[in-house]
Structure formats: structure tokens, C-alpha cells
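**Q** The sequence shown runs contiguously to residue 405 in numbering that gives the first Met the number 0. By construction, the Cβ of each residue, glycine as well, lies at the ideal position given by its N, Cα and C atoms. Just so we're clear, the structure is a prediction, and the values are computed from it rather than from any experiment. Here it is, the structure in full.
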Amino acid sequence: MLRWGAERDVRIVPRSGGHGFAGWSGGDPSSVVVDLSRLRHVGVSGGRAVVGAGAQLIDVYAGLARRGLTLPAGTCPSVGFGGLVLGGGVGPSVRGLGLTCDRLRSARVATATGTLRTIDRASDEDLLWALRGGGGGQFAVLLEARLEPAAVRRSAWFAVSWPWAAAEEALAAWQALVPAADPRLSSTFSLLRGTAPVVRAIGQWLDDDVAALRRAIAPLTRIAGARLSAGAAAHLTNQLRWAGCLGRPLAACHTAGTRPGGRMPRETWAGTSDYLARPLDAAGRRILTARLAARRGGSGAIILDALGGAVRDAGDPGAFPHRDAIVQVQHYAQPGSGGLTGARAWVRGNRRALRGRTTGQAYVNYPDPALPGYRRAYYGASLERLRAVRRRVDPDRRLRFAQDVG
Numbered sequence: 000m001l002r003w004g005a006e007r008d009v010r011i012v013p014r015s016g017g018h019g020f021a022g023w024s025g026g027d028p029s030s031v032v033v034d035l036s037r038l039r040h041v042g043v044s045g046g047r048a049v050v051g052a053g054a055q056l057i058d059v060y061a062g063l064a065r066r067g068l069t070l071p072a073g074t075c076p077s078v079g080f081g082g083l084v085l086g087g088g089v090g091p092s093v094r095g096l097g098l099t100c101d102r103l104r105s106a107r108v109a110t111a112t113g114t115l116r117t118i119d120r121a122s123d124e125d126l127l128w129a130l131r132g133g134g135g136g137q138f139a140v141l142l143e144a145r146l147e148p149a150a151v152r153r154s155a156w157f158a159v160s161w162p163w164a165a166a167e168e169a170l171a172a173w174q175a176l177v178p179a180a181d182p183r184l185s186s187t188f189s190l191l192r193g194t195a196p197v198v199r200a201i202g203q204w205l206d207d208d209v210a211a212l213r214r215a216i217a218p219l220t221r222i223a224g225a226r227l228s229a230g231a232a233a234h235l236t237n238q239l240r241w242a243g244c245l246g247r248p249l250a251a252c253h254t255a256g257t258r259p260g261g262r263m264p265r266e267t268w269a270g271t272s273d274y275l276a277r278p279l280d281a282a283g284r285r286i287l288t289a290r291l292a293a294r295r296g297g298s299g300a301i302i303l304d305a306l307g308g309a310v311r312d313a314g315d316p317g318a319f320p321h322r323d324a325i326v327q328v329q330h331y332a333q334p335g336s337g338g339l340t341g342a343r344a345w346v347r348g349n350r351r352a353l354r355g356r357t358t359g360q361a362y363v364n365y366p367d368p369a370l371p372g373y374r375r376a377y378y379g380a381s382l383e384r385l386r387a388v389r390r391r392v393d394p395d396r397r398l399r400f401a402q403d404v405g
């Protein structure tokens, strides 16, 4: 297909899972989608996790857990692995184990003209660097990733909620604590709006010492009205917990229609993202709670993922440019009665309202079609080197990603 496209001047859009706020994985009339979903193998060879680009995340977790291993990755069980790893990979063990892309050691790829290559530090150091967080769909078509797994059999978990009246106090405590905490602790803070506003934090501790976890998060539980649940379990059980699949058969954790038994619905969301280099001040915290409380016509969420730890201290960083951020912020909303236009207006309004308090950068795996200055926002200090790699490996720009490096 890649050779066919090169011969006919047709652009190629690789698709491993089909996730993405922008809906670009369906291609357009001037391009052809290369569906990688059948490349779904998961195994271990020579001490490396071997993962096909089309493997859904729940299968990666389950396949490695049988060997007492894991990879740091996301929470959505039906995300395709290829897009996740190429854009970074933020998830519930990120502070202890790093980004998914930090674990990438080699990759089997097809070039824009259809040549098969194995990419590692010896064969093409610059391309490997670009594949480690530089964004998918523009350097090569990832077929298979080989990554360094981590041995984690059990982990501890927690969930704490507060009354809405304590939301700003809880956020202040969380952002002062977690990004600088013991790296065994990873956590997400959420402001959620459905029928009523909800404020909560969830997290994970990379061993099963629940007492140590409770001590680490004690400042969060001292806030009036805090309600804490905590425990320890097999690490896969906790991965299922964060994926919303606890108690379900693994088959049900796939998107309906993509695998036999899949029951996860395919949903439409509007989304955008940002990063914090320092904690939000009191006015910034008020902005978030006011924006969430004012959401009408559909559900909304403002999600803060703590970074630092292994993200900041990566000894061999790839192209992922947001290492100095302490928090990644997600804004997303379902259309509801307000429609997709209203949902997009709300998430983008959140981002604008925080301007001056955030870095102005954004996560390439949460593409926003209307993001101003998207190249600097997504690719940051890595942009010029990424452009040089792109010019070398795909000079005719056969691979198509709507918000590429240029």
C-alpha cells in the first residue's frame, strides 16, 4: 500500500486504534488509511516486550501481566498501542516508570515508500529519537515496538473524593504534594461535571505497601469531608480498575465491533490539553472550578495528571518535549444537548481562561484542530530536530498527519 501510494502521489494515514479527539483516523478524500489493527501480537523476547502497533492497551497489559511484567501506558483500554507510544504515553504509573515512549528500544517500521526497516540506536539514532514521543503518522509507519518492560506484580491504589465546596482546597493540596512526591506515587486529580459537579483524586503506588501509600497522601485526607478508599491488588487488577473494566471479562474491555465480545462504546468527545510548570495560584484554581460548574448541555471534565519523577529524570529522553512540566491538563466534554460545537467551545474556553498560568504547550496525542500555534505547542524545543528527521525520511511528505511538524 505504501509503495502504491508513493507511485500515485496518494497520502497515507496510518491508524493503529482509531482514537483521537479530532477524528482524523478516518482519512479524507486525498488520502488512504492503512489499518494496523490486525498487528495485535503481545509477547516477550530477549527481555523485551514485543507489541504490535494495533494491539489494544488492555491486551498489552494482560499479555505482559502473565509474565509479571508491565509497561507504563494509559487508562483507556481500547487505545491502539502504536499511536500511544509514538506520541508519548501518559498514565497511572508515569512518575515511577516514565512515559511509554521512554521504554521504546527498537521499532519495526515501514518507510513512506514501503521499505521495511528495524530502527534502533545503531541503525538510525535520530529516527529512533523521533519515534520516542515525536508524534505518530509522520516519520514512518510503526509495525512493531520492542520495549523495556518493568517487573510489577502488585501495586496499591487509592481514590479520595471531597465535597464540591472543598474543590479548590483539595486541588491546592494535591498539586503541592504529588508532582514532588516519592516517584512510586502517581495520581490524577479530576473535576467532573455530569448531573452534578464531582471532585476526586485517584492514584497508584508501585508496590503493595498500603500503609506507605496512606502516609504519602495524608495531606489529601486531612481536608474536611475527604472520603478515602485504598487497598492493594495484582497490578493487572489495578489497571482494569483505572480502565473502568474491573469485574468484566477482558474481551469486554475492547471497543464494540473491533474484537469479539467488545463492549466499550465508541464515543465522541471534544478535547484539548495544556501543561503546568508551577502550581496554579488561587485565582487559577477558581477559574477551573467556575468553568466546570458553568458547564451546561453535556458532561465535562478537567483532568490533571501529575508528572515529575521519572518523566523529568529520564536518562535517555526522546523527542517528548514536556519534561519540565509538573502537571498535564486535559479538558474534554461530550456534546450532549449543546452539540459538538458547544463542547468544543467549552474546552477551548478553559484553555484560554488559563492563559498566562500554563506553559501554552499541548499533548500531541490529544489533538485539537483549532489549537493556535500548534507546532510549537505540541513539539516545543524538539520541533527543529523533528523537522530535520522528517525531511530526511519522508521528503515528499507521503505520510499525512494534519498537525505535523511541517
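Kindly identify the DSSP beta-bridge partner or partners of His321.
**A** In the sequence shown, residue 321 corresponds to position 322, counting from 1. Beta-bridge pairing links His321 to no other residue.
**Q** Keeping to the same chain, check which residues put their C-beta closer than 7 Å to that of Asp207; ignore five residues upstream and five downstream.
**A** Taking the sequence shown and counting its residues from 1, one reaches residue 207 at position 208. Within the same chain, Asp207 has close Cβ partners Arg153, Ser154, Ala155 and Ala231.
**Q** Take the Cβ of Glu124 as the centre, count every other Cβ of all protein chains shown within 10 Å, and call the residue buried at 16 or more, exposed below.
**A** Translated into the one-based positions of the sequence shown, residue 124 becomes position 125. Its Cβ having fewer than 16 others within 10 Å, Glu124 is exposed.
**Q** Given 8 Å as the limit, is there contact between the region 76 to 91 and the region 140 to 151, that is, 3 or more CB pairs closer than that?
**A** As far as the Cβ criterion goes, the region 76 to 91 touches the region 140 to 151, which means the pair count is three or higher.
**Q** Please name the residue, chosen from Trp128, Leu382, Ala324 and Ile301, that lies closest to Ala342 on a Cα-to-Cα basis.
**A** On the sequence shown, position 343 is the one that residue 342 refers to. Distance check between Ala342 and each of Trp128, Leu382, Ala324 and Ile301 places Ile301 closest, using alpha-carbon atoms only.
**Q** Starting from Pro218, follow the alpha helix (DSSP H) in both directions and report where the run begins and ends.
**A** Indexing the sequence shown from 1 puts residue 218 at position 219. Ala217 to Thr220 is the extent of the alpha helix (DSSP H) around Pro218.
**Q** Give a yes or no on whether the C-beta atoms belonging to Thr74 and Trp204 are separated by under 8 Å.
**A** Position 75 of the sequence shown, counted from the first residue, corresponds to residue 74. Position 205 of the sequence shown, counted from the first residue, corresponds to residue 204. It is not a contact, given that the beta carbons lie outside the stated cut-off.
**Q** Alpha carbon to alpha carbon, how far is Ser30 from Gly355? Give it in angstroms, no decimals.
**A** Residue mapping note: residue 355 aligns to position 356 of the sequence shown, counting from 1. Residue mapping note: residue 30 aligns to position 31 of the sequence shown, counting from 1. Rounded to whole angstroms, the gap between the alpha carbons of Gly355 and Ser30 is 38 Å.
**Q** Specify, as a first and last residue, the run of the beta strand (DSSP E) that Ala332 falls within.
**A** Along the sequence shown, read from residue 1 onward, the residue named residue 332 stands at position 333. Run containing Ala332: Val326 to Ala332, per the beta strand (DSSP E) assignment.
**Q** Taking the alpha carbon of Pro148 as the point to measure from, which residue in Val49, Arg374, Pro13 and Ile222 has its own alpha carbon closest?
**A** Translated into the one-based positions of the sequence shown, residue 148 becomes position 149. If we check each option's Cα against that of Pro148, Val49 comes out closest.
**Q** Quick check on Gln402: does DSSP put it in helix, strand or coil?
**A** If you number the sequence shown from 1, residue 402 lands on position 403. Looking at Gln402 - three-state DSSP - the assignment turns out to be coil, as it is neither helix nor strand.
**Q** Using the rule of at least 16 other Cβ atoms within 10 Å of the residue's Cβ for burial, across every protein chain shown, is Arg192 buried or exposed?
**A** As a first step, residue 192 must be located in the sequence shown, where it is residue number 193. Its Cβ being crowded by 16 or more others within 10 Å, Arg192 is buried.
**Q** Indicate the three-state DSSP secondary structure (helix, strand or coil) for Trp173 in the structure shown.
**A** Along the sequence shown, read from residue 1 onward, the residue named residue 173 stands at position 174. Here Trp173 sits in helix by DSSP.
**Q** Run through DSSP, which three-state label would Ser44 get?
**A** What you label residue 44 is simply residue 45 of the sequence shown in a count that begins at 1. Note: Ser44 maps to strand in three-state DSSP.
**Q** Might you give, ordered along the chain, the residues of its own chain that have their beta carbon closer than 8 Å to the beta carbon of Val197, omitting 5 neighbours on each side?
**A** Locating residue 197 in the sequence shown gives position 198, counting from the first residue. Only Ser160, Trp163, Ser189, Leu190 and Leu191 meet the Cβ criterion.
**Q** CB Leu96 to CB Pro71, shorter than 8 Å?
**A** Translated into the one-based positions of the sequence shown, residue 96 becomes position 97. Translated into the one-based positions of the sequence shown, residue 71 becomes position 72. In contact: Leu96 and Pro71 (Cβ atoms closer than 8 Å).
**Q** Do you know offhand how far Pro334's Cα is from Ser122's?
**A** Translated into positions along the sequence shown, residue 334 becomes position 335. Translated into positions along the sequence shown, residue 122 becomes position 123. Each residue's Cα considered, the two are about 46 Å apart.
**Q** Is Val326 close to the ligand GDP? I mean its beta-carbon at under 7 Å from any heavy atom of the ligand.
**A** In the structure on display, the ligand GDP does not appear, and there are no ligands present to speak of.
**Q** Shortest alpha-carbon distance to Gln360 belongs to which of Leu212, Ala225, Arg295 and Arg322?
**A** Working through the sequence shown from its first residue, we reach residue 360 at position 361. The option with the nearest alpha carbon to Gln360 is Arg322.
**Q** Find the nearest neighbour of Asp280 within the set Phe319, Arg350, Glu168 and Phe20, judged by alpha-carbon distance.
**A** Along the sequence shown, one-based indexing puts residue 280 at 281. Closest option to Asp280, Cα to Cα, is Glu168.
**Q** Below 8 Å between beta carbons: does that hold for Pro13 and Leu38?
**A** Locating residue 13 in the sequence shown gives position 14, where the first residue counts as 1. Locating residue 38 in the sequence shown gives position 39, where the first residue counts as 1. Contact: no.
**Q** Give the range of the alpha helix (DSSP H) segment to which Asp101 is assigned.
**A** One-based indexing of the sequence shown puts residue 101 at position 102. Where Asp101 is concerned, there is no enclosing alpha helix (DSSP H), given that its DSSP letter is neither H nor E.
**Q** Return the residue from the list Leu170, Gln327, Leu176 and Asp315 that minimises the CA-CA distance to Ala282.
**A** Along the sequence shown, one-based indexing puts residue 282 at 283. The residue among Leu170, Gln327, Leu176 and Asp315 with its C-alpha nearest the C-alpha of Ala282 is Leu170.
**Q** Could you give the residue range of the alpha helix (DSSP H) that holds Leu275?
**A** Residue mapping note: residue 275 aligns to position 276 of the sequence shown, counting from 1. Careful: Leu275 lies outside any alpha helix (DSSP H), inside the beta strand (DSSP E) at Ala269 to Leu275.
**Q** Whose C-alpha, out of Val93, Gly135 and Arg102, is nearest the C-alpha of Ala111?
**A** Taking the first residue of the sequence shown as position 1, residue 111 is located at position 112. Closest option to Ala111, Cα to Cα, is Gly135.
**Q** Could you give the distance in angstroms between the alpha-carbon of Tyr365 and the alpha-carbon of Gly270?
**A** As a working note, residue 365 is residue 366 in the sequence shown. As a working note, residue 270 is residue 271 in the sequence shown. If I take the Cα positions, the gap works out to 7 Å.
**Q** So, helix, strand or coil for Gln238, using DSSP?
**A** Against the sequence shown, residue 238 aligns to sequence position 239. In the three-state reduction of the DSSP assignment, Gln238 falls in the helix class, which pools H, G and I.
**Q** Just the C-alpha distance for Gly415 and Val346, rounded to the nearest angstrom, thanks.
**A** With the chain represented from 0 up to 405, any question about residue 415 goes unanswered, as that position is not in the structure.
**Q** Considering Leu56, what are the terminal residues of the beta strand (DSSP E) in which it resides?
**A** Here the question's residue 56 lines up with position 57 in the sequence shown. No beta strand (DSSP E) contains Leu56, which is instead part of the alpha helix (DSSP H) from Leu56 to Ala64.
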